[in-house]
Every structure is written in C-alpha cells, then in structure tokens.
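Chemist: Read in order, the letters of the sequence shown correspond to residues 103 to 334 in this note's numbering.
We treat Cβ as the ideally placed atom computed from N, Cα and C, and that holds for glycine.
After the structure tokens below, expect a handful of questions from me.
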Amino acid sequence: MKACAIFFDKPVRYADGVLLQQRLAAARATSRIADVVLFLEHHPVVTLGARGRTDSMLVAPEELARRGIDFAIASRGGDATYHGPGQLIMYPILRLGSSEADAHGYLFNLEEVAIRTAADFGVTAFRRDGKNGAWAAQGKIAAIGFRLKRWITLHGMSFNVNPDLAGFGTIIPCGLQGEPVASLGSILGPGCPSLRDVRATMLRHFQQVLRRPLEVFDAGSPPHELRDLFVG
C-alpha cells in the first residue's frame, strides 16, 4: 500500500466529506490502508467546532438554509468557519509517527504548508502568536482545525484561493471579532492562480513538510484498497 492524495474536481457536500473521512480514519487505524490526503472544495457550508461558541454565528441556521448554505457541528477543534467553492480544503488522514505525535507540531506543519503555498504565488503569509492558521497583511488566508484520535488525524486546513468572501459575513470567523479574511483572489486580483494550480503547489509542499511521498489519484478512480470506502 502506498500513501496517496485524492483530488476531487467537483464540490463535495460537507456531510459527505465527513463520512468519507470517518471511513478512511477507521481503515487507517487498523492499518488496512496507508495515509490518505483529500484535496477538495465544499458546497457552501458554515461549520462550528465541537466546543465553538454559538455567538460566533451571525445568521441563524434557518436563514443560512434560505441562502443555500448548509450548517454543521464539526468534531474538529476551533470555532465557526465558512467553506465554499473557490476555497481549497485539505483533509489529511494520517497516522502520526512517534517523532511527530504532537498536536502543536502537526499544527505548525500545516501552517508551514499554507505559508509556503502562498509564497509561491507572491503572497507573504505568516503565523500570529496565539492564533491558529496563516495570515497575510490583508487578513486570514488559511484556517486550520483538526482532531487527533489515537494519533490518526481528521479534518485539516482550508485555504482561500478565490471564494466568495461574502460567506464569511455570516459568522465571526474563528471567533475573532473584527479580523478580516483574505484570499489569493482578493490580494492578487486578475493574477489569482487557478485552484488546480494551488492544489498542485500545496501537494508539493505537503509532501516536503510532512515528509510523505504521495501517489495522486482522481476521486473517480481511487486505488483499489480504497474503492469500497468511496461508495455511497
């Protein structure tokens, strides 16, 4: 079995993405499969972390539904966030080794992937003390929230390529009042790269930072050992 990256070229409903992660994590926990990293977009959805604050929600779930935005309580850490087309989602399903079995180190590595990805497109991103994710001078460009269960990782990172940032107006993003949200599109304008180009760059940096070579597959043709997990 080889570790692999799975590319989705059509947006995925958040609930379907969670179900797939759960299946993959259960299989990874028993060593039935190797590490898997999902790269996808979601249909519009607001998610609230398991211990998130409902006062971070500026719009009730009923109004979100009227606007065509789903709502879900997530098992990850963190507060409220928004996902939608144009935002690159990376969900690593990894077994962390003994030398890396540390939540803070894993967070640092995901932030590093975001920072290096932004840099390749001419955007300087950085960490901020006491806050998860990656920031540009114009605002937060990548949000990170994950869960570790028996050192198997779930959830991961969202990176704003060129989403409709109006979706973030339905929440206080990550519970940070008054903090702006940015994207490569809002910073670079017409020079914004395609999501596919950003995906390829993020994959390369993930492999370097996490020290995991990954074989790439399309979601419609996953490797044999994963096919039954992608059904339904």
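Does the separation of the CB atoms of Gly258 and Leu212 fall below 8 Å?
Modeler: Here residue 258 corresponds to residue number 156 of the sequence shown, with the count starting at 1. Here residue 212 corresponds to residue number 110 of the sequence shown, with the count starting at 1. Against a cut-off of 8 Å, the Cβ pair of Leu212 and Gly258 comes out as a contact.
Chemist: DSSP on Ala174, reduced to helix/strand/coil?
Modeler: As a first step, residue 174 is located in the sequence shown; it is residue number 72 there, counting from the start. Of the three classes helix, strand and coil, the one that applies to Ala174 here is strand, per DSSP.
Chemist: According to DSSP, is Thr132 helix, strand or coil?
Modeler: If you number the sequence shown from 1, residue 132 lands on position 30. Correct three-state label for Thr132: coil.
Chemist: From the DSSP output, read off the bridge partner residues of Ser260.
Modeler: Position 158 of the sequence shown, counting from 1, holds the residue named residue 260. DSSP output for Ser260 lists Ile191 and Ala245 as bridge partner(s).
Chemist: Using C-beta distances below 7 Å, list every residue in its chain close to Met103, excluding the 5 sequence neighbours before and after it, in chain order.
Modeler: Taking the first residue of the sequence shown as position 1, residue 103 is located at position 1. For Met103, where only same-chain residues beyond five positions count, the Cβ hits under 7 Å are Ile135, Ala136 and Glu327.
Chemist: Can you name, in chain order, every residue of its own chain whose Cβ lies under 6 Å from the Cβ of Glu143, other than the five neighbours on each side?
Modeler: Counting from 1 along the sequence shown, the entry for residue 143 is found at position 41. Correct list, in chain order: Pro113 and Pro187.
Chemist: What's the gap between the Cα of Met192 and the Cα of Pro163?
Modeler: For the purposes of this step, residue 192 is taken as the residue at position 90 of the sequence shown. For the purposes of this step, residue 163 is taken as the residue at position 61 of the sequence shown. If I take the Cα positions, the gap works out to 25 Å.
Chemist: When the Cβ atoms of the region 249 to 257 are set against those of the region 121 to 133, are three or more pairs found closer than 8 Å?
Modeler: As far as the Cβ criterion goes, the region 249 to 257 touches the region 121 to 133, which means the pair count is three or higher.
Chemist: Pairing CB atoms from the region 266 to 273 with CB atoms from the region 216 to 223, are three or more of them under 8 Å?
Modeler: Touching, no, given that fewer than three Cβ pairs across the two stretches are closer than 8 Å.
Chemist: Taking DSSP as the reference, what is the three-state secondary structure of Asp111?
Modeler: Taking the first residue of the sequence shown as 1, we reach residue 111 at position 9. DSSP places Asp111 in coil when its eight states are reduced to three.
Chemist: Whole-angstrom Cβ separation of Gly151 and Gly232, contact assumed at under 8 Å?
Modeler: Reading the sequence shown from its first residue, position 49 is the one you call residue 151. Reading the sequence shown from its first residue, position 130 is the one you call residue 232. With 8 Å as the limit, Gly151 and Gly232 do not qualify as a contact, their Cβ atoms being about 17 Å apart.
Chemist: Over the uninterrupted beta strand (DSSP E) stretch that includes Val147, give me the two end residues.
Modeler: In the sequence shown, counting from the first residue as 1, residue 147 sits at position 45. From DSSP, the beta strand (DSSP E) with Val147 extends over Val147 to Leu150.
Chemist: Between the Cα of Ile243 and the Cα atoms of Phe228, Lys251 and Leu250, which residue gives the shortest distance?
Modeler: Start at 1 with the first residue of the sequence shown, and residue 243 comes out as number 141. Of the candidates Phe228, Lys251 and Leu250, the one whose C-alpha sits nearest the C-alpha of Ile243 is Phe228.
Chemist: Answer yes or no: do Leu198 and Tyr208 have a C-beta to C-beta separation smaller than 8 Å?
Modeler: Along the sequence shown, read from residue 1 onward, the residue named residue 198 stands at position 96. Along the sequence shown, read from residue 1 onward, the residue named residue 208 stands at position 106. It is a contact, given that the beta carbons lie within the stated cut-off.
Chemist: Going by CA-CA distance only, name the one from Asp111, Gly170, Arg230 and Leu250 that's closest to Leu140.
Modeler: Working through the sequence shown from its first residue, we reach residue 140 at position 38. The residue with the shortest Cα to Cα distance from Leu140 is Asp111.
Chemist: Going by C-alpha distance, which of Ala105, Leu166, Thr149 and Met159 is nearest Arg178?
Modeler: Residue 178 sits at position 76 when you count from the first residue of the sequence shown. Ranking the options by Cα distance to Arg178, first place goes to Thr149.
Chemist: Is it right to say Leu316 is buried, meaning 16 or more other beta carbons lie within 10 angstroms of its own, or is it exposed?
Modeler: Position 214 of the sequence shown, counted from the first residue, corresponds to residue 316. By the neighbour-count rule (16 or more Cβ atoms within 10 Å), Leu316 is buried.
Chemist: Might you give, ordered along the chain, the residues of its own chain that have their beta carbon closer than 6 Å to the beta carbon of His307, omitting 5 neighbours on each side?
Modeler: Counted from its first residue, the sequence shown places residue 307 at position 205. Contacts found: Val215, Arg218 and Thr219.
Chemist: So, Ser285 versus Pro265, is the Cβ gap smaller than 8 Å?
Modeler: Counted from its first residue, the sequence shown places residue 285 at position 183. Counted from its first residue, the sequence shown places residue 265 at position 163. Closer than 8 Å, so yes.
Chemist: Going by CA-CA distance only, name the one from Gly287, Val318, Val311 and Pro325 that's closest to Ala302.
Modeler: Along the sequence shown, read from residue 1 onward, the residue named residue 302 stands at position 200. The candidate whose alpha carbon is nearest that of Ala302 is Val318.
Chemist: Would you tell me roughly how many angstroms separate the C-alpha atoms of Ala321 and Ser201, rounded to the nearest one?
Modeler: As a first step, residue 321 is located in the sequence shown; it is residue number 219 there, counting from the start. As a first step, residue 201 is located in the sequence shown; it is residue number 99 there, counting from the start. Looking at the two C-alpha atoms, the distance is approximately 31 Å.
Chemist: In whole angstroms, what separates the C-alpha of Leu166 from that of Ile108?
Modeler: Sequence index remark: in the sequence shown, residue 166 carries index 64 (1-based). Sequence index remark: in the sequence shown, residue 108 carries index 6 (1-based). Leu166 and Ile108: Cα-Cα distance of roughly 30 Å.
Chemist: Where do the N-terminal and C-terminal ends of the beta strand (DSSP E) with Ala236 fall, by residue?
Modeler: By 1-based counting over the sequence shown, the position of residue 236 is 134. Element bounds for Ala236: Lys233 to Ala238.
Chemist: Using three-state DSSP, classify Met304 as helix, strand or coil.
Modeler: Position 202 of the sequence shown, counted from the start, is the residue given in the question as residue 304. Residue state, collapsed to three classes: helix.
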